[in-house]
Amino acid sequence: MFRPPTTGDVGVALDTIATTARTLADTIAERAAAIGTPPDGRGITIVATSQLPQLDAGVLRDDTVIEKVEDILTTTAAGIHQAIDVTADDPITQDILIATGHDIEQQSWLLRSQR
Numbered sequence: 001m002f003r004p005p006t007t008g009d010v011g012v013a014l015d016t017i018a019t020t021a022r023t024l025a026d027t028i029a030e031r032a033a034a035i036g037t038p039p040d041g042r043g044i045t046i047v048a049t050s051q052l053p054q055l056d057a058g059v060l061r062d063d064t065v066i067e068k069v070e071d072i073l074t075t076t077a078a079g080i081h082q083a084i085d086v087t088a089d090d091p092i093t094q095d096i097l098i099a100t101g102h103d104i105e106q107q108s109w110l111l112r113s114q115r
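Residues in the sequence shown are numbered from 1 upward in steps of one, following the UniProt record's numbering.
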């Protein structure tokens with residue numbers, strides 16, 4: 001949860017990030033299924049295996065939200081870069097990951113512009 005922002009519209013930025021993340025997750029899940037690795041999108045699995053930084057509970061200032069979500073996006077982008085490296089023998093998967101990395105890095109930059 002975040003307090004209403006004092007500069008820019010952090011709420012709109014977070015909505016855009018959430019929409020982008022859902023779309024990208026669907027694309028990656030479809031590719032994983034296509035190459036024989038069915039994704040496990042159950043909440044319990046995601047919580048148990050996530051390596052992303054966590055948001056603090058409670059009401060957060062907009063600058064804190066920007067910082068924490070930016071950390072999450074940066075960590076996600078780093079993981080995508082690692083996945084790009086290990087999929088060199090699969091250009092279709094690598095292409096999807098490159099496009100995904102671009103979108104995640106773009107969202108990070110747009111969020112930083114809210115400062």
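Glycine included, every Cβ here is placed at the ideal spot set by N, Cα and C.
(1) Is DSSP giving residue 52 helix, strand or coil here?
(2) Could you check what DSSP says for residue 35 in three-state terms: helix, strand or coil?
(3) Can we say the segment 9-29 touches the segment 90-102, given the rule of at least three CB pairs closer than 8 angstroms?
(4) In this structure, does DSSP put residue 41 in helix, strand or coil?
(5) Kindly indicate which residue of 84, 47, 111, 90 has the alpha-carbon position closest to the one of residue 100.
(6) So, using beta-carbon positions, are residue 69 and residue 111 closer together than 8 angstroms?
(7) Kindly indicate which three-state DSSP category residue 113 falls into: helix, strand or coil?
(8) What is the rounded straight-line gap between the Cα of residue 24 and the Cα of residue 61?
(9) Would you say residue 35 and residue 52 are within 8 angstroms of each other, going by their C-beta atoms?
(10) Please identify the residue among 113, 20, 64 whose C-alpha is closest to the C-alpha of residue 76.
The structure says:
(1) Reduced to three states, the DSSP call for residue 52 is coil.
(2) In the structure shown, residue 35 sits in coil (DSSP, three-state: anything other than H, G, I, E or B).
(3) They touch, by the three-pair rule.
(4) Assigned with DSSP and collapsed to three states, residue 41 falls in coil, not helix or strand.
(5) Ranked by how close their Cα comes to the Cα of residue 100, the residues 84, 47, 111, 90 have 84 in first place.
(6) Inclusion of residue 69 and residue 111 in the CB contact set at 8 angstroms is warranted, their separation being smaller than that value.
(7) Judged by DSSP in its simplified three-state form, residue 113 adopts coil rather than helix or strand.
(8) Taking the straight line joining both Cα atoms gives about 27 angstroms.
(9) No, the Cβ-Cβ distance between residue 35 and residue 52 is not below 8 angstroms.
(10) Ranked by Cα distance from residue 76, the options 113, 20, 64 are led by 20.
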